[in-house]
Amino acid sequence: MNESTTVWQSGLTNRHLIRQPGSEVTPFVMNDRLYLLENSPKWWDFYPEPCFGRQYHEDEIRIRDVATGEIVSTPLRDHYFGLAFVTEGRCYVFAGRHPHDHPFWQIKEVSMTWSDDLVNWSEPETVLHAENNESIFNFGLCPHPAGGFVLLYETDDPQWPKFTFKYCRSNDLKSWERIPNAIYGHDKYVGGPALYFENGWFYTLYLESLGKSRYETRITRSRDLITWEDAPDGRPFVTFDGNHITDEKNFPGVAETNASDVELCYFEGKTLVYFNGGNQGEINVAADLQRMEFNGTPQELFESFFRGA
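And the structure:
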């Protein structure tokens, strides 16, 4: 008699296109409304030309009201890798400031600004400096159960593979100290991080390279930010759809090979998961922003990847 097998399902449904082209976003809720922080690279104005990084000093960090589609404000200009984080009714935005004395993608300082209404923003402050000749890329941020906050950032610190994650701690979101031995990805390729804390666990979402310019997002967890437990193989958090042609008009026949830069939030009884599709890693980039949904809380979603492991 043949044994039956059960294919594991993540519970994420309703995959659909939000816009094209796409870029990194952070969904967040403030005053019971859903917003997106959007990284808006100037080079998208020239899409589909292969002009990655063009006029990068004109990059912007924008806030969009999802219900109306309107841009509410532009908290930062000449910045990228922006992240939004809401606590006690206040929205904080962190982003890497493009240096004027370094080439594109060599960010050395992190700026922070905050707002109580998403319209009026504080004067940006520099809250973190690069170390060990590194550059800084994407971020993740969550509360720490013992008080304060944890910041994750990608680094090209030369002692590890590019985009390894470092973790920092702060009590006030301004003064950050790196946590000793709190590292993830020092032994493999990672990227596109997000960071959450639920029920005693820190969860990190990260990009896994499958080779041949194929990438999917996976999940790992830790109680102390030092020792990590990856979800079992065969349980990607979000993976690409090889049957999906991202941009038939400009890149006919080019199938999706990437599902990266996942971030999520809980809104009106569902966990909303945003991510970038396309063919990341290629010179001529086809890209879009997509969304999926989970009928439950982020904690329930995260825990499902480790159940029965």
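Letter by letter, the sequence shown follows residues 108 to 416 in this note's numbering.
Positions of the beta carbon are idealized from the N, C-alpha and C atoms, including for glycine.
Label Thr194 either buried or exposed according to how many other C-beta atoms from any shown protein chain fall within 10 Å of its C-beta, with 16 as the threshold for buried.
That one is exposed.
By DSSP's criteria, Trp417 is part of a beta bridge. Which residues make up the other side?
Nothing can be reported for residue 417: it is not among the residues displayed for the chain, which extend from 108 to 416.
Mapping the DSSP letters down to three states, classify Ser242 as helix, strand or coil.
Three-state DSSP puts Ser242 in coil, outside helix and strand.
How many Å lie between Ile290 and Phe309 at the Cα?
Approximately 13 Å between the Cα atoms of the pair.
Between Ala362 and Gly384, is the Cβ-Cβ spacing less than 8 Å?
No, they are not a contact pair.
According to DSSP, is Pro405 part of a helix, a strand, or is it coil?
Helix, per DSSP.
For Pro343, which residues from the same chain have a beta carbon less than 7 Å from its beta carbon, with the 5 sequence-adjacent residues on both sides left out?
The residues are Glu323, Thr324, Arg325.
If you follow the beta strand (DSSP E) that Pro287 is in, where does it begin and where does it stop?
Residues 284-291.
How should Val226 be labelled, buried or exposed, when 16 other C-beta atoms within 10 angstroms of its C-beta is the threshold for buried?
Exposed, since its Cβ has fewer than 16 Cβ neighbours within 10 Å.
For the beta strand (DSSP E) that contains Ala191, what are its first and last residues?
Start and end: 186-194.
Tell me which residue opens and which closes the beta strand (DSSP E) that Asn386 is part of.
No beta strand (DSSP E) contains Asn386, which DSSP labels as neither H nor E.
Residues in the same chain with beta-carbon distance under 6 Å from Asn357, minus the five sequence neighbours each way, listed in chain order, please.
Excluding positions up to five away in sequence, the list reads Pro155.
Quick one: give me the first and last residue of the beta strand (DSSP E) that Gly203 is part of.
Where Gly203 is concerned, the enclosing beta strand (DSSP E) stretches over 197-204.
Can you find the residues in the same chain that come closer than 7 Å, C-beta to C-beta, to Leu124, ignoring five residues on each side of it along the sequence?
If we look at Leu124 and ignore the five residues flanking it on each side, its Cβ neighbours are Asp395, Gln397.
Name the DSSP beta bridge partners of Glu370, please?
Paired residues: Tyr381.
Compute the beta-carbon to beta-carbon distance between Phe244 and Phe188, rounded to the nearest angstrom, for a pair I have assumed lies under 8 Å.
Indeed, because the Cβ distance is near 6 Å, the residues count as touching under 8 Å.
Are the beta-carbon atoms of Ala174 and Thr133 separated by less than 8 Å?
It is not a contact, given that the beta carbons lie outside the stated cut-off.
Suppose you measure from the CA of Leu258 to the CA of Phe304; what does that come to, to the nearest Å?
Approximately 12 Å, taken between the alpha carbons.
Give me the Cα-Cα distance between Arg126 and Arg184, rounded to the nearest whole angstrom.
Looking at the two C-alpha atoms, the distance is approximately 22 Å.
Please name the residue or residues paired with Cys158 in a DSSP beta bridge.
None; Cys158 has no bridge partner.
Is the region 397-412 close to the region 369-381, with three or more CB pairs under 8 Å?
Because the criterion of three Cβ pairs below 8 Å is met, the region 397-412 and the region 369-381 touch.
Are the CB atoms of Pro265 and Asn240 within a distance shorter than 8 Å?
Against a cut-off of 8 Å, the Cβ pair of Pro265 and Asn240 comes out as a contact.
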